[in-house]
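Here is the structure we will look at, set down as structure tokens.
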Amino acid sequence: MVSQEADDRIVVTVLTGFLGAGKTTLLNRWLQPYAPGEAAVVVNEVGEVGIDGVLLHGDGRTIDELSGGCICCLVQESLVTTLAQLALRQPRPRRLFIETSGLAEPGPVVEAVGYGNLPRRLRLEAIVTVVDPVSLAARLGESPVVAQITAADRVVLSRSDLASDAQIAAAEGIVRGLNPLAQII
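Mapping to the numbering used here: the sequence shown position 154 is 154, numbers consecutive.
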């Protein structure tokens, strides 16, 4: 077991949420306090053209894009390879954020972080799911949405300034029903 003081593994946060929920906006906010090279990002794009990667570039950030398929199935081998290469980079980043596409279930991503010797270099801190309270109820029929919420350690209600109190309460109720242990932010 690695002691907390000696734990120099890269801290990993997996960021999930349905399409348009606000993942990239939240990720940009999270990246602001990090100096160039301190944080790395792996972004999954289902299409061949990476929009989120373009939105995230800047300030010396390390952005690895996995495109052309869903991170949870078609590009999982590429994810493991990318994680292994990132873990060996010098200088090594302190933080790694993995932003999945809205179509991805988080389970296979977590499996990739725990593959082989990667846990010696990477430490999964949290699975964070971003939820838009205005459209959550309508999106529940989409299979990854339920998996994203049930796997989350934290659920961030995005765009709450555009939601009514009733929509926020309904979203919190849905999240609590699917994952009573998740912290709702």
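Cβ coordinates follow ideal geometry from the N, Cα and C atoms, glycine included.
**Thr25 versus Val130, Val14, Arg123 and Pro93, residue with shortest Cα-Cα distance** = Val130
**Request:** Using DSSP bridges, identify the partner residues of Thr13.
**Result:** Phe97 and Ala126
**Asked** Alpha carbon to alpha carbon, what distance is there between Ser143 and Leu103?
**Response** 9 Å
**Message:** DSSP three-state label for Ala138, please.
**Reply:** helix
**Asked** Asp165 to Leu136, Cα distance in whole Å?
**Response** 14 Å
**Item:** Contact set for Lys23: own chain, Cβ-Cβ below 6 Å, skip 5 residues either direction
**Value:** Leu15, Gly17, Glu99 and Val130
**Asked** alpha helix (DSSP H) containing Arg121: first to last residue?
**Response** Careful: Arg121 lies outside any alpha helix (DSSP H) and carries neither H nor E.
**Message:** I need the straight-line Cα distance from Gly69 to Val80, nearest angstrom please.
**Reply:** In this predicted model, Gly69 has a pLDDT of only 48, less than 50, meaning its place in the structure is not dependable enough to derive any value.
**Message:** Against chain D, with Cβ distances strictly below 8 Å, would Arg159 count as a contact?
**Reply:** In summary, chain D is missing from the structure at hand, where a single protein chain is found.
**Request:** Could you spell out where the alpha helix (DSSP H) holding Arg29 opens and where it closes?
**Result:** Lys23 to Leu31
**Item:** Any 3 or more C-beta pairs closer than 8 Å across the stretch 82-97 and the stretch 30-46
**Value:** yes
**Asked** Which whole-angstrom value describes the C-beta separation of Ala151 and Ile127, a residue pair presumed to lie in contact below a C-beta threshold of 8 Å?
**Response** 5 Å
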